[in-house]
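Numbering (our numbering), first residue to last: 7 to 514.
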RNA sequence: GAGCCGUUAGCUCAGUCGGUAGAGCACCUGACUUUUAAUCAGGGGGUCCAGGGUUCGAAUCCCUGACGGCUCACCA
């Protein structure tokens, strides 16, 4: 049964957005305070998919990505050198040193690999760097409006969140010129015409900060200021912002009442949780970076993971064995024409099918001892056409990296170069079986034929069950008792080597 | 305390405008003495969380409740 009119969530959202005339700007924003991870990716993919759906309907729409590079460093994260970064707390990410020394700033260190990942995922974004937005003076009008409306903003925060801000609170946080921090300063006055803010700092510093890069709006005001300035009409955000009294709630009121602009259409999404490790969190350090994920998963499959699930449902992600199923599910769905819209939005048309199940490829690369040319030879010898060797090698690369990074031990094996110790001391029946098998093997036999041969020979050797025969084979080649399907496994290996090893094990 | 999401086959989830309930995986059977997550064909499997309401008719709309997950300090 084929659903002719499949209604994907992206189309529903696009339909709702188009109630308001365009042009539209979909905005996403992530703070580059740490490794940008697969959870953050949900935001960008969600935005991208909505963007595509809007464009398909002929709407004028832009996809923007705001890197919050002007955010202050909140604390010394577990992955940072405390000696270096303790004194950087409170300073903007764009102004503090790169952890590896190879980038222009701390912010760039985390931003650059992420932007490269976006390219690989074919997500094209207009990048805004918050520090440049401020330094260029883009937000000066909003800063002035916010400073003037200080009391109104305080009342909105009180009404929405029940929290009374302190007496010296200001929506603008100037950077102290003496210590470089923006987290401790107090605003003592401002000049609209000079576009400056007067401040004092507990470090003893006092001075005048420019509204062009001399400080930043506090988060709850910064966000709506961007909405009004850019202007933003659609914004996806995590569920933490979606609670009543959360930053979307207050932001929407501030946007309307202070900046006189309509707030964007909200798209809330749930977390991606990392199976067995709980939620990913930058500050806890248990993250799976997008970059690392793209080493073990083709970009389309990563997109598919997000696209097939409605935004407000949580995604449990397991990079172990279930990852293989995810890849093959994607393949299957593509082959069977299932889930057509999700596949399309995932970019399946760009995906080169290789005709070999990923689970199987994981075995093949191990049989080939990680030699990709050999893997192609093996596959061809066993009835796989491999029309596109380059695509196959690329896919095999994912399998190899997955084996290295995430594979559970039971799926790993390696063909031993010399007779493993585990192959000694086999029962007489097993040795007889191996010898008979060596004699009966013919070069032209296929995996299936060898498989059947194993049963026939096991019988002949007096082994009652197949298990003992299989065990003998695995001990002789892998040094363990289990392994990939034996007939096909032996067929994959070089035939002369197989018979030699069988004889050797039979004789020992 | 406030709010959000969920509850449909063993598991993960679809289910359009309200019209007798679907897919994938798993399971069972066979092809075939078929280990190991092989392939193909076929098959079984449901109190749609509960109660009430609207309706000729409810998984679907409305109300109440239960259970589970989560969020509410600038963490997506």
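Note that CB positions come from ideal geometry on N, CA and C, so glycine has one too.
{"Check": "Backbone CA spacing between residue 285 and residue 397 [nearest angstrom]", "Outcome": "With a pLDDT of 49 at residue 285, under the threshold of 50, the modelled position of that residue is not reliable, and no figure is offered here."}
{"Check": "Span separating the alpha-carbon of residue 329 from that of residue 43", "Outcome": "17 Å"}
{"Check": "Residue from 429, 229, 182, 235 with nearest C-alpha to residue 95", "Outcome": "182"}
{"Check": "Pair within 8 Å by beta-carbon distance, residue 265 and residue 254", "Outcome": "no"}
{"Check": "Touch test, the region 178 to 193 against the region 103 to 115, Cβ-Cβ under 8 Å, three pairs minimum", "Outcome": "no"}
{"Check": "Rounded straight-line distance, which links the Cα of residue 369 to that of residue 37", "Outcome": "40 Å"}
{"Check": "Residues that residue 273 bridges to, as DSSP identifies them", "Outcome": "242"}
{"Check": "Straight-line gap, residue 51 to residue 70 (C-alpha atoms, nearest Å)", "Outcome": "12 Å"}
{"Check": "Nearest-angstrom beta carbon gap, residue 53 and residue 32 [assumed within contact, 8 Å]", "Outcome": "5 Å"}
{"Check": "Residue 476 to residue 246 span [Cα, whole Å]", "Outcome": "54 Å"}
{"Check": "Buried or exposed (CB count within 10 angstroms, at least 16 for buried), residue 151", "Outcome": "buried"}
{"Check": "Residue 377 (DSSP reduced to helix, strand or coil)", "Outcome": "coil"}
{"Check": "Length of the line joining the Cα atoms of residue 251 and residue 180", "Outcome": "26 Å"}
{"Check": "Three or more C-beta pairs below 8 Å linking the region 342 to 357 and the region 375 to 389", "Outcome": "no"}
{"Check": "Bounding residues of the beta strand (DSSP E) (the contiguous stretch that carries residue 108)", "Outcome": "Unbroken run through residue 108: none, as it is neither H nor E."}
{"Check": "From 279, 170, 364, residue whose alpha carbon lies closest to that of residue 157", "Outcome": "170"}
{"Check": "Cβ-based neighbour list, residue 351, same chain, cut-off 8 Å, excluding 5 preceding and 5 following", "Outcome": "14, 16, 55, 58, 59, 309, 313"}
{"Check": "Element boundaries [beta strand (DSSP E), containing residue 69]", "Outcome": "67 to 73"}
{"Check": "Stretch-stretch touch, CB-based, cutoff 8 Å, three pairs: the region 79 to 90 with the region 133 to 150", "Outcome": "no"}
{"Check": "Contact check, residue 333 vs residue 357, beta carbons under 8 Å", "Outcome": "no"}
{"Check": "Residue range of the unbroken alpha helix (DSSP H) whose run includes residue 45", "Outcome": "44 to 62"}
{"Check": "Residue 388, DSSP secondary structure in three states", "Outcome": "coil"}
{"Check": "Alpha helix (DSSP H) runs contained entirely in the region 179 to 237, provided each spans 4 or more residues", "Outcome": "225 to 235"}
{"Check": "Segments of 3+ residues assigned as beta strand (DSSP E) that fall wholly inside the region 83 to 151", "Outcome": "132 to 135"}
{"Check": "DSSP beta-bridge partners of residue 31", "Outcome": "68"}
{"Check": "Reduced DSSP secondary structure (H/G/I, E/B, other) of residue 253", "Outcome": "helix"}
{"Check": "Nonlocal neighbours in the same chain, by C-beta distance under 7 Å from residue 97, ignoring five residues either side", "Outcome": "78, 79, 186, 187"}
{"Check": "For residue 421 and residue 484, believed in contact at Cβ under 8 Å, the rounded distance", "Outcome": "7 Å"}
{"Check": "Inter-residue spacing [alpha-carbon to alpha-carbon] between residue 466 and residue 446", "Outcome": "11 Å"}
{"Check": "Residue 85 burial status per 10 Å Cβ neighbour count (16 or more: buried)", "Outcome": "exposed"}
{"Check": "At least three beta-carbon pairs within less than 8 Å, the region 456 to 463 to the region 481 to 500", "Outcome": "yes"}
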